[in-house]
Amino acid sequence: MATPITGCWVDGTFGAGGYSKALLQSGACKVLAIDKDPTTKVFLKGIQNVYGDMIKYYNQSFADMEKNEEIASRDDIYGIVLDLGVSSMHLDNPLRGFSFKESGPLDMRMGNQPGPTASEIINLCSEATLADLIFFYGQERKARKIANRIVRERKKRKINTTLELAEIIRALVPKNFKKDPATKTFQAIRIAVNNELKDLCKALVFAEKKVKKGGIIAVVTFHSLEDRIVKDFGKIMSGKGSPTNRYSPATSRVNPSLIPINKKPVIAAVDEIEKNKRSRSAKLRVYKKVSDSPSGVLAKIEFPEVELGI
Ligand SMILES: C[S@@+](CC[C@H](N)C(=O)[O-])C[C@H]1O[C@@H](n2cnc3c(N)ncnc32)[C@H](O)[C@@H]1O
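Counted the way our numbering counts, the sequence shown spans residues 1374 to 1683.
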């Protein structure tokens, strides 16, 4: 990042603490770290051993940053960073229900939220809802066929495990040498379970209000739905989004509140992809706050919303 790291930062996706640590190492004097998965707290100790109370940890969703008293009351937040999606700890532990490689319960909740779980969605949602969800959140062309097969199979017996679901999909979607045929459907279910797109929109709107002038909003996305949301938000806030958005005022363009630091999103270099396969789909977008006050625009970004009906 070309902009110097300084002041107080919010790391909205603490995970194993890699970003928080890097921020402190690079000059941040305080990091307020958030993760909705309480198991991530184990990574706090190692950072506290070096940086003491320069780091604080909160088990909550980044969608609720405004409810966090410390964050809400501070007027010196210099940067907010989000490294979206699931962590390798989620994917590598079959008991969390994210993996289609090993059998586990169909759960997929990142945090302690009561539900719905992936099992509830797969076994209770209507065929039409499942089809919409897999189509819009998974961008899976065979969504209708998959939804139909899921409903036929669950009439015979409840679908309990990740492998049972993956096998149903693999029987329908042709093999692809790059991706498991179940990838897109699993992404769709995970997004629905964790309310990921709505949470991202809420966090962006809050971040634009909260970060001080000269400060930074940086977001790493892992699929095009997320990236589209961040890109559209950046466009609206930098005064370049045409006010076709049905939620924004249909009058003039917005005075720029944010400017993009890079014209194009930053993607991982080849050697990084070799070390960390997941980084191949990562895109980093960085914005700088250029005004003293929030834009005043109600930046309700459009994205496909599927009502679960359960
Ligand atoms: C890709 S990992 C982040 C890895 C982290 N940057 C690191 O260096 O280890 C994403 C993390 O964000 C968390 N997460 C996802 N959505 C969240 C949300 N709405 N609120 C808070 N944490 C969230 C996940 O639980 C996961 O731990």
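Where is the CB? At the ideal position from N, CA and C, for every residue including glycine. Just so you know, these numbers come straight off a predicted model, no measurement behind them.
Indicate, with yes or no, if ligand 1 has a heavy atom lying under 6 angstroms from the CB of residue i.
i	result
threonine 1413	yes
tyrosine 1392	yes
threonine 1535	no
lysine 1409	yes
glycine 1587	no
glycine 1458	yes
threonine 1386	yes
serine 1499	no
Tell me whether residue i sits in a helix, a strand or coil according to DSSP, three-state version.
i	result
alanine 1641	coil
alanine 1406	strand
isoleucine 1674	coil
lysine 1544	The sequence shown places alanine at residue 1544, rather than the lysine named in the question. In the structure shown, alanine 1544 sits in coil (DSSP, three-state: anything other than H, G, I, E or B).
lysine 1518	helix
isoleucine 1378	coil
isoleucine 1532	coil
glycine 1452	strand
arginine 1651	helix
proline 1487	coil
Are the Cβ atoms of residue i and residue j separated by less than 7 angstroms?
i	j	result
isoleucine 1450	valine 1584	yes
alanine 1555	isoleucine 1564	no
threonine 1413	phenylalanine 1387	yes
isoleucine 1602	leucine 1573	yes
leucine 1545	lysine 1518	yes
methionine 1427	lysine 1403	yes
Going by C-alpha to C-alpha distance, which of the options sits closest to residue i?
i	options	result
isoleucine 1378	Asp1605, Ile1590, Ile1602, Pro1487	Ile1590
proline 1487	Ala1401, Lys1662, Asp1410	Asp1410
glutamate 1675	Asp1605, Lys1662, Pro1638, Met1610	Asp1605
proline 1677	Asp1384, Gly1380, Leu1570	Leu1570
cysteine 1628	Ile1640, Gly1612, Ser1446	Here the sequence assigns asparagine to residue 1628, which means cysteine is not the residue at that position. The shortest Cα separation from asparagine 1628 among Ile1640, Gly1612, Ser1446 belongs to Gly1612.
glutamine 1398	Leu1657, Val1415, Glu1513, Gln1421	Gln1421
serine 1460	Lys1529, Phe1471, Val1524	Phe1471
Excluding the 5 residues preceding and the 5 following residue i in the sequence, name in chain order all residues of the same chain whose CB lies nearer than 8 angstroms to its CB.
i	result
arginine 1527	Ile1495, Asn1496
glutamate 1493	Ile1683
lysine 1662	Glu1581, Val1584, Lys1585, Lys1586, Gly1587, Gly1588, Ile1589, Ile1590, Ser1630, Leu1631
Can you list, in chain order, the residues of its chain whose CB lies under 6 angstroms from that of residue i, leaving out five sequence neighbours each side?
i	result
proline 1622	Per-residue confidence for proline 1622 stands at a pLDDT of 44, beneath the threshold of 50, marking its modelled position as unreliable; the derived number appears in the next sentence. So the list is empty, once near-sequence residues are dropped.
alanine 1561	Leu1506, Ile1507, Tyr1510, Gly1511
valine 1639	Leu1657
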